[in-house]
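Protein sequence lines, in the order shown, are assigned to chains A and B. Just so we're aligned: the first sequence equals residues 1 to 350 in my numbering. Just so we're aligned: the second sequence equals residues 1 to 350 in my numbering. Built from N, CA and C at the ideal position, the CB exists for glycine as well.
Protein chains: 2
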Amino acid sequence: MELTARKKEILKVVTERYIDAAEPVGSKYIAQAMGGSVSSATIRNELADLVEMGYLEQPHTSAGRIPSPKGYRLYVNELMERRQVSDQEAAEINSALQGKMQELDSVIAQAGQMVSSIVNYPAYAVAAGKSSVTVRRYDLLPVDASSFIAVVMTDDSRVKSQLLRTELPVEAEQLPALANLLNTHFTGIHTEELGSKLMALAPQLGAELFMPLSQTIEFATAVIDSSQRSHVFTTGQSQILRQPEFQDLTKADGLMSLLTDQKAELPVLDENTPMKILIGPENVNEALKDASVVVASYDIGDNMRGLIGVVGPTRMDYATVAARLSYFAESLTKMFGKNHQLPPKEDDIP
Amino acid sequence: MELTARKKEILKVVTERYIDAAEPVGSKYIAQAMGGSVSSATIRNELADLVEMGYLEQPHTSAGRIPSPKGYRLYVNELMERRQVSDQEAAEINSALQGKMQELDSVIAQAGQMVSSIVNYPAYAVAAGKSSVTVRRYDLLPVDASSFIAVVMTDDSRVKSQLLRTELPVEAEQLPALANLLNTHFTGIHTEELGSKLMALAPQLGAELFMPLSQTIEFATAVIDSSQRSHVFTTGQSQILRQPEFQDLTKADGLMSLLTDQKAELPVLDENTPMKILIGPENVNEALKDASVVVASYDIGDNMRGLIGVVGPTRMDYATVAARLSYFAESLTKMFGKNHQLPPKEDDIP
DNA sequence: CTTTAGCACTCCTTTCCCCCGAGTGCTAAA
DNA sequence: TTTAGCACTCGGGGGAAAGGAGTGCTAAAG
Chain A
1 MELTARKKEI
11 LKVVTERYID
21 AAEPVGSKYI
31 AQAMGGSVSS
41 ATIRNELADL
51 VEMGYLEQPH
61 TSAGRIPSPK
71 GYRLYVNELM
81 ERRQVSDQEA
91 AEINSALQGK
101 MQELDSVIAQ
111 AGQMVSSIVN
121 YPAYAVAAGK
131 SSVTVRRYDL
141 LPVDASSFIA
151 VVMTDDSRVK
161 SQLLRTELPV
171 EAEQLPALAN
181 LLNTHFTGIH
191 TEELGSKLMA
201 LAPQLGAELF
211 MPLSQTIEFA
221 TAVIDSSQRS
231 HVFTTGQSQI
241 LRQPEFQDLT
251 KADGLMSLLT
261 DQKAELPVLD
271 ENTPMKILIG
281 PENVNEALKD
291 ASVVVASYDI
301 GDNMRGLIGV
311 VGPTRMDYAT
321 VAARLSYFAE
331 SLTKMFGKNH
341 QLPPKEDDIP
Chain B
1 MELTARKKEI
11 LKVVTERYID
21 AAEPVGSKYI
31 AQAMGGSVSS
41 ATIRNELADL
51 VEMGYLEQPH
61 TSAGRIPSPK
71 GYRLYVNELM
81 ERRQVSDQEA
91 AEINSALQGK
101 MQELDSVIAQ
111 AGQMVSSIVN
121 YPAYAVAAGK
131 SSVTVRRYDL
141 LPVDASSFIA
151 VVMTDDSRVK
161 SQLLRTELPV
171 EAEQLPALAN
181 LLNTHFTGIH
191 TEELGSKLMA
201 LAPQLGAELF
211 MPLSQTIEFA
221 TAVIDSSQRS
231 HVFTTGQSQI
241 LRQPEFQDLT
251 KADGLMSLLT
261 DQKAELPVLD
271 ENTPMKILIG
281 PENVNEALKD
291 ASVVVASYDI
301 GDNMRGLIGV
311 VGPTRMDYAT
321 VAARLSYFAE
331 SLTKMFGKNH
341 QLPPKEDDIP
């Protein structure tokens, strides 16, 4: 059977109406919405076809129709009018982004919050880690006899520091030599090698040098780890309780757990994809089978990307969410790009 | 009317039964639970008294009784058997705490997670900030012509660092002098004074010195701010959906919002109080009026305290939660105390 | 071949009612 | 003061019935 223009129009009307009202849509409404050019009986014939073709579903015999995931997919791909954010929305987004230039993770988390409040669904923001981070440089600063500060700068320009306590006293004079050792042997290499290289060097060093060296390496490893790990921030979880489809506690529970305790399971985006819409069963995660996700990415700099996603019912307002989300992502890209350097990055501990 | 021993026993039976079953408790059950020494009719007389005295409530005329907040309060204060954590529980807690010695905020957030999974209620953890933090020391490290690293150490022994980009080139040779300036004029003073002092010094400095100075001060201000701000971490929110009393969506929604988007509203503990139980209407926050909170504090060192709280229905199992929470808090205090110094603290960005 | 009016039919939802039973409150006796 | 006895209350469960939105089919019209 062929998907005529009229069938598509009907599908569009059904989808948009269902997005709005969360109730099955009847033939009479559709006929009216289409300007009354055809009767409801004609519509009913078409509806039967659309059900047969798998674009619509019927909760029960005498109910109206709702879009199936396949129907949503077609709607999103072809039928949906790509909305533009209004000037007012754009102004709101821009003003919200103003002066928010803080540490990286904080900006990212706040972006999530803003998106959630803009679209009225829960949102999540991922600070994607670079795949392989190495240390570019070490500095050691004397504090007192039993402690010093280690400063580690990574090749993605993050700088982290920590106060380290030593068991044996360390002479302030030894620190430059130690730093020199670190900078010659322990820069530009991956985590695993750090340990082995340390072991290789161990015999040549006395305990009073080895200990602070190993502490610094341990710290550097932690820095790299946290730099590589993606942190996920979520907000607006309570929004899902306000959606009629999640009045059913079991569904809400699954989603809620996902959004609070299993954030890492939330869908991400492979490189080069600016935005993606995942509808119901298209999601891999079980808890998301009854939900949809819109996720977009933005550039941060130094080959790094941020991710921002919105979780809602399959019935979610894709046009609006997609428009706002992509505008938002673009704004973030611009914002990070403007200071054509990296933004002043700060340590990122979740 | 007097609160006889038997009345108290009845109140205890009712409370514990209700905690367990979440259903109103009838006179027959109580008579049986008390060993059958008295008849249900006698119990009914007593129950009527207890209702009159405000310790119990009756959902409707022909239903059993449930404890009122006042009843819970008496139960918690007097009747509840202070539970000890079992050896097994203690072992679990201890093993969970092993090797978790990471950065401060991370430890604290994890503590919240552990508590939540131990008690099966949502939990929150607060990293309480010190009231007035000042910078103890500055270091400036050269990077290249247009950037340098600022390292700031606060008087609560946190060390933070950031890469700062300058607009005008900075000579590496100027940095020590600049650091010296900072260390003489900008240590040990509060945030507000930092700015004014900077202004006072401005006329004496050229732009190529003033800019990096002011950037460093700005960074120091941010460090102090984030050090003073309390960060709240929450987990296990989805647990509340599993409580029968929160099947009512509106109540669940309020609590959920509180636990996800208004964390700052969660009750804290004034100094010197090791643990507190807040029952239903005793809570100030509207969303918590139908819930109870058990919150405990532990010592971190340097006069700092951490807070850990559990949110549940008023019917929550106070004895178990309180026992586990206080054991947990004590364990944390011990853990932080063991390294009688501060644990290696790391930068804490939420 | 498509569209349309007409109409019987389906099935969900709401409402009402009735009954059941747990539990009470009261009375009167032990 | 305690207890047995008993009438009474009230919420909850289970149909049955009414209501209504919407369908599917048929037959006629375009």
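{"Check": "Which residues, taken in chain order from the region 123-141 of chain B, show a beta carbon closer than 9 Å to some beta carbon of chain A?", "Outcome": "137, 139 and 141"}
{"Check": "Any idea which residues DSSP pairs residue 312/B with across the strands?", "Outcome": "292/B"}
{"Check": "Which same chain residues, not among the five before or five after residue 351/A, have their C-beta less than 6 Å away from its C-beta?", "Outcome": "Any question about residue 351/A goes unanswered here, given that chain A covers just 1 to 350."}
{"Check": "Report the rounded CA-to-CA distance for residue 317/B versus residue 44/B, giving the unit in angstroms.", "Outcome": "25 Å"}
{"Check": "Can you tell me whether residue 49/A is helix, strand or coil according to DSSP?", "Outcome": "helix"}
{"Check": "If the cut-off is 7 Å on Cβ atoms, which residues from the region 39-67 of chain B count as contacting chain A, listed in chain order?", "Outcome": "none"}
{"Check": "Report the residue from 153/B, 12/B, 41/B and 31/B whose alpha carbon sits nearest the alpha carbon of residue 216/B.", "Outcome": "153/B"}
{"Check": "Tell me whether residue 298/B sits in a helix, a strand or coil according to DSSP, three-state version.", "Outcome": "strand"}
{"Check": "Exposed or buried, residue 16/A, counting other C-beta atoms within 10 Å across all chains shown (16 or more means buried)?", "Outcome": "buried"}
{"Check": "Residue 337/A: which of 265/A, 326/A and 305/A sits nearest, CA to CA?", "Outcome": "305/A"}
{"Check": "Could you tell me which whole beta strand (DSSP E) segments of length 3 or greater appear in the region 220-244 of chain A?", "Outcome": "231-235"}
{"Check": "My output table needs one value for residue 99/B: the three-state DSSP class, helix, strand or coil.", "Outcome": "For residue 99/B, the pLDDT reaches just 49, beneath the cut-off of 50, and the residue's location in the model is therefore unreliable, leaving the point undetermined."}
{"Check": "Rounded to the nearest angstrom, what separates residue 261/A and residue 111/B at their Cα positions?", "Outcome": "14 Å"}
{"Check": "With a threshold of 8 Å between beta-carbons, can residue 93/B be considered close to chain A, or not?", "Outcome": "no"}
{"Check": "Using CA atoms only, rank isn't needed, just tell me which of 299/A, 24/A and 73/A is closest to residue 104/A.", "Outcome": "299/A"}
{"Check": "Relative to chain B, which residues along the region 153-180 of chain A have a C-beta separation below 9 Å, given in chain order?", "Outcome": "153, 157, 158, 159, 160, 161, 162, 163, 164 and 165"}
{"Check": "When DSSP labels each residue in this structure, what does residue 34/B get in the three-state scheme?", "Outcome": "coil"}
{"Check": "Tell me which same chain residues have a C-beta within less than 8 Å of the C-beta of residue 176/B, skipping the five on either side of it?", "Outcome": "140"}
{"Check": "Return helix, strand or coil for residue 69/A, following the three-state DSSP convention.", "Outcome": "helix"}
{"Check": "Which residues, taken in chain order from the region 230-251 of chain A, show a beta carbon closer than 8 Å to some beta carbon of chain B?", "Outcome": "234, 235, 236, 237, 238, 241, 242, 247 and 249"}
{"Check": "Using the three-state DSSP reduction, which class does residue 170/A fall into: helix, strand or coil?", "Outcome": "coil"}
{"Check": "Along the region 253-268 of chain A, where does the CB come closer than 9 Å to a CB of chain B? Name the residues.", "Outcome": "253, 254, 255, 256, 257, 258, 259, 260 and 261"}
{"Check": "For residue 169/B, count neighbouring C-beta atoms within 10 Å of its own C-beta (all shown protein chains included) and say buried if the count is 16 or more, exposed if not.", "Outcome": "exposed"}
{"Check": "Counting Cβ pairs, one atom from each stretch, are 3 or more of them under 8 Å apart for the region 144-153 of chain B and the region 145-160 of chain A?", "Outcome": "yes"}
{"Check": "Would residue 297/B and residue 94/B be called neighbours here (beta carbons separated by less than 8 Å)?", "Outcome": "no"}
{"Check": "So that I know if they touch, is there some Cβ in chain A lying closer than 8 Å to that of residue 151/B?", "Outcome": "yes"}
{"Check": "Quick check: the Cα distance between residue 241/B and residue 116/B, rounded to an integer number of angstroms?", "Outcome": "14 Å"}
{"Check": "Less than 8 Å between the beta carbons of residue 80/A and residue 291/A, yes or no?", "Outcome": "no"}
{"Check": "Report, in whole angstroms, the separation of the C-beta atoms of residue 295/B and residue 269/B, which I expect to be a contact under 8 Å.", "Outcome": "5 Å"}
{"Check": "Is the region 52-66 of chain A touching the region 22-31 of chain A, taking contact as three or more C-beta pairs under 8 Å?", "Outcome": "yes"}
{"Check": "Where does the unbroken alpha helix (DSSP H) through residue 376/A begin, and where does it stop?", "Outcome": "Shown here, chain A extends from 1 to 350; a query on residue 376/A therefore has no answer."}
{"Check": "Can you name, in chain order, every residue of its own chain whose Cβ lies under 7 Å from the Cβ of residue 100/B, other than the five neighbours on each side?", "Outcome": "Here the model assigns residue 100/B a pLDDT of 40, short of 50, so the residue's position is not dependable and the matter cannot be decided."}
{"Check": "Pairing CB atoms from the region 201-213 of chain A with CB atoms from the region 171-189 of chain A, are three or more of them under 8 Å?", "Outcome": "yes"}
{"Check": "Using DSSP bridges, identify the partner residues of residue 124/B.", "Outcome": "234/B and 309/B"}
{"Check": "On the criterion of 16 or more Cβ atoms from any shown chain inside 10 Å, does residue 114/B qualify as buried, or is it exposed?", "Outcome": "buried"}
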